[in-house]
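In what follows, a structure is listed as structure tokens, so that the remarks can point back to it.
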Amino acid sequence: MAPTRPKAQTQGSTASEMSKAGVDQDLIRQLAALLKETDLSEIEIDTGSLKLRVARQVNQVSVPVAMQAAPVAAAPAAVAAPVSDAANPGALTSPMVGTTYLAAEPGAAPFVTLGTKVSAGQTVLIIEAMKTMNHIPAHRAGTVTKILVEDGQPVEFGEPLVIIE
């Protein structure tokens, strides 16, 4: 990877115009060195009579999460990691992107609460998508053990909404 070279800019000026105008090129070099030392991408100075901006392009290399170093202190093997809500077989996930509503209208009783027994196909909540109210049915019969969303919360496709066990 080739090193990046800082670019100095004043409002509409070229390097030769800067030297004619009496711009301190040593100052620009010092600012460019400061950029490199501090790993900043740009510095701008405005003194009223002079506006100076020194910037550099930074080539960022992203490292996949799998290649990042693991934490030094690992949890004991005997302690099991909690199962994520999305992996829970009782998780009802969002079939679309939208806004969740736990009741049919503001001020009304919610469709379900913790401990509610539901049957397969019973409306659990509503997701509004593109001004359309979509009733989301329970995917199985059981008891609502967790409600993972709040009324009016935006949700993504596949996001767990409730746990029915």
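Just so we're aligned, residue 908 is where the sequence shown starts under our numbering, counting upward by one.
We treat Cβ as the ideally placed atom computed from N, Cα and C, and that holds for glycine.
Buried or exposed by the 16-neighbour rule on C-beta atoms within 10 Å, applied to residue i
| i | result |
| --- | --- |
| residue 1013 | exposed |
| residue 1068 | buried |
| residue 952 | exposed |
| residue 941 | exposed |
Any non-hydrogen atom of the ligand HEM within 7 Å of residue i CB
| i | result |
| --- | --- |
| residue 1005 | Ligands in the displayed structure: none, and consequently the ligand HEM is not present. |
C-alpha gap between residue i and residue j, whole angstroms
| i | j | result |
| --- | --- | --- |
| residue 1060 | residue 1002 | 15 Å |
| residue 908 | residue 936 | A caution first: residue 908 carries a pLDDT of 49, below 50, which makes its placement in the model unreliable, though a value can still be read off. Roughly 22 Å between the two C-alpha positions. |
| residue 938 | residue 944 | 10 Å |
Reference residue i, options the options, closest by Cα
| i | options | result |
| --- | --- | --- |
| residue 946 | 1042, 1004, 961, 1041 | 961 |
| residue 1026 | 1071, 951, 954 | 1071 |
| residue 932 | 998, 959, 994 | 959 |
Sequence-distant residues of the same chain with beta carbon closer than 6 Å to residue i, five excluded per side
| i | result |
| --- | --- |
| residue 1035 | 1005, 1006 |
| residue 912 | Caution is warranted here: a pLDDT of 46 is assigned to residue 912, below 50, making its placement in the model unreliable, and the coordinate value is therefore given only provisionally. Excluding positions up to five away in sequence, the list is empty. |
| residue 1040 | 1033 |
| residue 1046 | 999 |
Cutoff 7 Å; reference residue i; Cβ partners in own chain excluding five residues on either side
| i | result |
| --- | --- |
| residue 1022 | 1050, 1051 |
**Prompt:** Any chance the stretch 1021-1038 sits against the stretch 1048-1056, with 3 or more Cβ pairs inside 8 Å?
**Reply:** Yes, they touch.
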